[in-house]
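Chemist: My questions will all concern the structure given below.
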Amino acid sequence: MVIYHPDDPSQEVARVVPEAGTFACFLSESIPHEVLPTRYPRTSIAGWFRRNASLGGVLDPAR
Numbered sequence: 001m002v003i004y005h006p007d008d009p010s011q012e013v014a015r016v017v018p019e020a021g022t023f024a025c026f027l028s029e030s031i032p033h034e035v036l037p038t039r040y041p042r043t044s045i046a047g048w049f050r051r052n053a054s055l056g057g058v059l060d061p062a063r
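Position one of the sequence shown corresponds to residue 1 (this note's numbering), numbered consecutively onward.
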């Protein structure tokens, strides 16, 4: 994965190699990024935090 600078998406800031034990956590809507192709199988887990605008920016309760 390539992480780009938020103010200049043409500027590469970091590369995250898909190897065992690697963890990347960032606000994907704020940080430009690119997931690159790989030659080997890999596993990823993605999650999202949602904000409830009607509750003043508080995270949505579990359903």
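The C-beta atom is built at its ideal place from N, Cα and C for all residues, glycine as well.
No experiment lies behind these values; they were computed from the predicted model shown.
May I ask you to report which of helix, strand or coil DSSP gives P9?
Modeler: As a working note, residue 9 is residue 9 in the sequence shown. Correct three-state label for P9: strand.
Chemist: Might you give, ordered along the chain, the residues of its own chain that have their beta carbon closer than 7 Å to the beta carbon of V2, omitting 5 neighbours on each side?
Modeler: Taking the sequence shown and counting its residues from 1, the one referred to as residue 2 is at position 2. Excluding positions up to five away in sequence, the list reads E12, R15, H33, E34 and L36.
Chemist: Is I31 helix, strand or coil when you go by DSSP?
Modeler: Taking the sequence shown and counting its residues from 1, one reaches residue 31 at position 31. Of the three classes helix, strand and coil, the one that applies to I31 here is coil, per DSSP.
Chemist: To which residues does DSSP link V2 through a beta bridge?
Modeler: For the purposes of this step, residue 2 is taken as the residue at position 2 of the sequence shown. DSSP, once it has assigned bridges, lists R15 and E34 as partnering V2.
Chemist: Looking at R42 and P18, is the spacing between their C-beta atoms short of 8 Å?
Modeler: Within the sequence shown, residue 18 is the residue found at index 18, counting from 1. Within the sequence shown, residue 42 is the residue found at index 42, counting from 1. For P18 and R42, yes; Cβs fall inside 8 Å.
Chemist: Check this for me: beta carbons of P6 and S30, under 8 Å apart or not?
Modeler: Along the sequence shown, read from residue 1 onward, the residue named residue 6 stands at position 6. Along the sequence shown, read from residue 1 onward, the residue named residue 30 stands at position 30. The answer is yes: Cβ separation under 8 Å.
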